[in-house]
């Protein structure tokens, strides 16, 4: 057997990969890239959600307080027949909700396309890729052992 680089070149040249294996390898690489792309989108959504949460903290707090005020005083409004007080509380909720919606709008403009891409990959691209790989995906109604263990260990960490 030849030694050195010349021997390696001869060994590589002698290795013939069957066409079926080459095709499956190509499909697997494509599937790997698809899953990586989906994971990237999901991580992007998480990061943008955190950014949005931080940027809209004041508006969320105001909206939550307005809803809490109505919930706490609803019985009082009814007992006192204070329709005007109730109406003001509802108007305050509408005002704060509208402000929150406006504050979220630029963030949601970035998040929504990523979520749609994830949904498309999950519902169309992955099933098609698996079909090309010869895997028939069927509905599952119970968890496999490995995923049960993984979920349980995840719960224990928290």
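Residue numbers (our numbering): 2 to 159.
We treat Cβ as the ideally placed atom computed from N, Cα and C, and that holds for glycine.
Hey, residue i and residue j: beta-carbon distance below 8 Å or not?
i: residue 101; j: residue 64; result: yes
i: residue 67; j: residue 94; result: yes
i: residue 126; j: residue 44; result: no
i: residue 110; j: residue 60; result: no
i: residue 131; j: residue 138; result: yes
i: residue 46; j: residue 158; result: no
i: residue 108; j: residue 52; result: yes
Buried or exposed: where does residue i fall if 16 or more other Cβ atoms within 10 Å of its Cβ makes it buried?
i: residue 42; result: buried
i: residue 90; result: buried
i: residue 79; result: exposed
i: residue 122; result: buried
i: residue 179; result: Residue 179 is absent from the structure shown; the chain starts at 2 and stops at 159.
i: residue 77; result: exposed
Between residue i and residue j, which are expected to be in contact by the criterion C-beta below 8 Å, what is the C-beta distance as a whole number of angstroms?
i: residue 112; j: residue 74; result: 34 Å between Cβ atoms; not a contact.
> At which residue ranges does the region 46 to 122 contain complete alpha helix (DSSP H) runs of 4 or more residues, listed in the order of the chain?
Replying inline: With a minimum length of 4 residues, the continuous alpha helix (DSSP H) runs that stay inside the region 46 to 122 are 58 to 80 and 84 to 121.
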